[in-house]
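Q: One structure is given below, represented as structure tokens, and several questions about it will come after.
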Amino acid sequence: MHPITTFHYLALSAALLLIGTVGVLTRRNVVIILMSIELILNAVNINLIAFSHALHNVNGQIFAIFVITDAVAEAAVGLGILIALFRNKETVQADEMDLLKW
Amino acid sequence: MSASFGFNAADLIRFLPETILTVMGTLLMVLDPILHRRGSHAFGHLSIAALVAAIGGAVYAYTQAGPAFGGMLMVDGFATFFRVLVLVVGILTILPSYRFLARQDAETSEYHALLIFSIAGQCLMAAANDLIIVFIGLEISSIASYVLAGYFRDDKRSNEAALKYFLLGSFATAFFLYGVALIYGATGSVNLTAARAVISGQGPGGPAPAPVFIGVAAALMFVGLGFKVSAAPFQIWAPDVYQGAPTPVAAFLSAGPKAATFAVFLRIFMTMFEPIGSGWEPLVWFSALLSMTIGNFAALMQTNIKRMLAYSSIAHAGYVLVALTARSQVGTAAAMFYLAAYALMNIGAFAAVSHLSGRGERYQNIEDFSGLGQKQPLTAAMLSIFLLSLIGVPLTGGFFGKFYIFKAALESHLVWLTVLGLLNSAVAAYYYLRMLVMMYMHEPGEAVENAEPLSLGLRAALILPALGTLLLGIFPTWVLEFAGKSAALVK
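Chains L and R, in that order, give the protein sequences. With the first sequence counted from 1, adding 7 to any position gets you my numbering. With the second sequence counted from 1, adding 11 to any position gets you my numbering.
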């Protein structure tokens, strides 16, 4: 049996960061892009809490609470913007949003 | 370091501008049912009163300068400079908004409340000395600006601008946060001063942590902040957002959040990451050059004035990054001076665009400005001052801004960057001069014939920044002296 160390958490977090980044860059559905961004924020939280545990320092956990709060606010605003757009354009595909370009 | 939750009167005084703005923003939303009448300017007046009070608060806080809330805020000359700058930007955004919103039948309390909240976040960023506070300030400012960019709910362009701004903005924030988490892991602290001590190897924990960790963190934070200031290669969102957002909002986005993010940029990279300066210098060098080049060359090809100003603002972000590359106190002071000059001239230019754009923002093309000099000499004259300052012609703030930046770069032996930057300025002169030719040497077109007379708010929104631009160009020393004194950040 191997104990789970800080390194394991960091590897998990790095993997989530990677998945999230690839998701944002390749997916075309705005809702999935939003989910990918949330994934990166959760990678941050895992990092913060793993470090907080390793360092015996509570600041990281407090920071994680702020990140969670911010993620909620961001999701609310993001979905609101998406609904406003959907009413006018009836699409959630990022590549169909092409009114603004030269 | 154990967390302490006690605070005293001095802490509250140092937090005064943010308190005033938050209270007023909330009040605006509560007062909405009482004050909301068609054609009422009450919200605008209240917002301007709040911003003026907050400027007073910021100056008063400076008389009590020092750290607040256990070192999380640092109220020094640097913080006060940027606080006053973003508050002035706020006032100059609201002045043209009166007429603009009335014309689109869109005067509401939430527009002003969001603007006030966004500015509160930017004031917080200016004074932040702790990565948690930086993050919270950044998000208060950003989330409010996402909504502002999509303020015209029924306009597809505004929707699209908001969505693009939101997606790329929150992606950037996530990257920034990942960098913060790594810093926390490597140094055990999120306080800039404490983290700097650890990074330079003088912390209580003994030798400096693994440079790889710090390097990756610096790179991630650079990406995050680079997105927010629209520095290349992270600039793609800026033209779309500035074009689609309501014009006064585009003006605000190009000046307020940018100045506040650069304040954070300078504070983080000149304090916490200063010990590893030679590591990040090439990164910033490259980004500065790329921003200037992409911004100026893309601006040459634009037909839409808002897109042109967006590309020009990318180029100007490049000039400020040149000052950061210099990695010196002189460079920091030059960046501060430049950001002040840039905010004034850019917001003034956008005010002229918002005046001319007409109902539904029909007139946004460069040709629409033809003959403005004949029909509206005052608007044309003020816009000329802003354009000349954006070029960097002597007697304007833009000239001394560029001069000090390139002087600082030369003092740090960045000869190539200086040469390439100056060549870039020459390219930029072309597209600004094209506007001047359009205004004075062409016959009036449909847009200018239909333009309404200047309202009082717009008149102020054009004349005040023009005066500021000239003041910075003729008497630069008093601002520069203050910037030079404040640029020695607390380390």
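Just so you know, even glycine gets a beta-carbon here, dropped at the ideal spot from N, CA and C.
Taking C-beta pairs closer than 8 Å, name the residues in chain R that M104 (chain L) reaches, listed in chain order.
A: E171, L174, K175
Q: With DSSP as the reference, label E64 (chain L) as helix, strand or coil.
A: The sequence given here places Asn at residue 64 (chain L); Glu does not occur at that position. Coil at N64 (chain L), not helix or strand.
Q: How big is the Cα-Cα spacing for I474 (chain R) and L98 (chain R)?
A: 17 Å
Q: Buried or exposed for I358 (chain R), please, with buried defined as at least 16 other CB atoms from any protein chain shown within 10 angstroms of its CB.
A: buried
Q: 7 Å is my cut-off, CB to CB: does G85 (chain L) come that close to chain R?
A: yes
Q: On the three-state DSSP scale, how would you describe M104 (chain L)?
A: coil
Q: Along chain L, in chain order, which residues have C-beta atoms closer than 7 Å to that of G196 (chain R)?
A: Going along chain L in sequence order, the residues near G196 (chain R) (Cβ under 7 Å) are N54, F58.
Q: Does any residue of chain R have a CB that is nearer than 7 Å to the CB of L25 (chain L)?
A: no
Q: Any heavy atom of the ligand ATP closer than 6 Å to the CB of P107 (chain R)?
A: In the structure shown, the ligand ATP is absent, as is every other ligand, since no ligand is present at all.
Q: Is E97 (chain L) close to chain R, meaning its C-beta is less than 7 Å from at least one C-beta of that chain?
A: Output row for E97 (chain L): interface = no.
Q: Can you tell me the Cα-Cα spacing of S153 (chain R) and S298 (chain R), whole angstroms?
A: The C-alpha of S298 (chain R) is placed about 22 Å away from the C-alpha of S153 (chain R).
Q: Going along chain L in order, which residues have a C-beta closer than 7 Å to the C-beta of A182 (chain R)?
A: Per the sequence shown, residue 182 (chain R) should be read as Phe rather than Ala. Within chain L, the residues near F182 (chain R) are V31, I44.
Q: On the three-pair Cβ rule with 8 Å, is the segment 157 to 172 of chain R touching the segment 248 to 256 of chain R?
A: yes
Q: What residues of chain L sit near F146 (chain R), judged by a beta carbon separation below 9 Å?
A: For F146 (chain R), the chain L residues whose C-beta falls within less than 9 Å of its own C-beta are F70, F73, V74, D77, listed in chain order.
Q: When DSSP labels each residue in this structure, what does N52 (chain L) get in the three-state scheme?
A: helix
Q: Could you compute how far the alpha carbon of L277 (chain R) sits from the alpha carbon of N461 (chain R)?
A: 45 Å
Q: Does the pairing of the segment 313 to 325 of chain R with the segment 57 to 75 of chain R give three or more beta-carbon distances under 8 Å?
A: no
Q: Counting only beta-carbon atoms, is A21 (chain L) nearer than 7 Å to chain R?
A: no
Q: Do L231 (chain R) and F280 (chain R) have their C-beta atoms closer together than 7 Å?
A: no
Q: If you draw a straight line from the C-alpha of G87 (chain L) to the C-alpha of S181 (chain R), how long is it?
A: 14 Å
Q: I need the DSSP call for D116 (chain R), collapsed to helix, strand or coil.
A: DSSP places D116 (chain R) in coil when its eight states are reduced to three.
Q: Go through its chain and collect everything with a Cβ distance to A155 (chain R)'s Cβ below 6 Å, but skip five positions before and after it.
A: Excluding positions up to five away in sequence, the list reads L125, F128, S129.
Q: Less than 7 Å between CB atoms is the rule here; does K317 (chain R) satisfy it with respect to chain L?
A: no
Q: So who's on the other strand from V86 (chain R), going by DSSP bridges?
A: Note: V86 (chain R) is bridge-paired with R:G77 in the DSSP secondary-structure output.
Q: Can you give the Cα-Cα distance for D165 (chain R) and N95 (chain L), rounded to whole angstroms?
A: Approximately 7 Å between the Cα atoms of the pair.
Q: Tell me whether W248 (chain R) is buried or exposed, calling it buried when 16 or more other Cβ atoms sit within 10 Å of its Cβ.
A: Classified as buried, W248 (chain R) has 16 or more neighbouring CB atoms from the shown chains inside 10 Å of its CB.
Q: Is the CB of I47 (chain L) under 7 Å away from at least one CB in chain R?
A: yes
Q: Since S43 (chain L) contacts R35 (chain L) with CB under 8 Å, what's their CB separation in whole angstroms?
A: That pair is no contact at about 12 Å.
Q: Rounded to the nearest angstrom, what separates G77 (chain R) and F54 (chain R) at their Cα positions?
A: Taking the Cα positions, G77 (chain R) is about 34 Å away from F54 (chain R).
Q: Where T503 (chain R) and L17 (chain L) are concerned, what is the direct C-alpha to C-alpha distance, given to the nearest angstrom?
A: For residue 503 (chain R) there is no data in the structure shown, the boundaries of chain R being 12 and 502.
Q: Compile a chain-ordered list of the residues in the segment 240 to 252 of chain R whose CB is closer than 7 Å to at least one CB of chain L.
A: D251
Q: Report buried or exposed for Y71 (chain R), applying the criterion of at least 16 other Cβ atoms within 10 angstroms of its Cβ.
A: exposed
Q: Tell me which residues share the same chain as T13 (chain L) and place their Cβ nearer than 6 Å to its Cβ, disregarding the 5 neighbours each side in the sequence.
A: A distance below 6 Å between beta-carbons, with the five flanking residues on each side excluded, links T13 (chain L) to the following residues of its chain, in chain order: A57, A61.
Q: Quick check on A192 (chain R) - is its C-beta less than 7 Å from some C-beta in chain L?
A: Yes, its Cβ sits closer than 7 Å to a Cβ of chain L.
Q: Considering just the uninterrupted stretch of the alpha helix (DSSP H) at P250 (chain R), what are its terminal residues?
A: 248 to 255
Q: DSSP has A139 (chain R) in a bridge; who is on the other side?
A: R:L84
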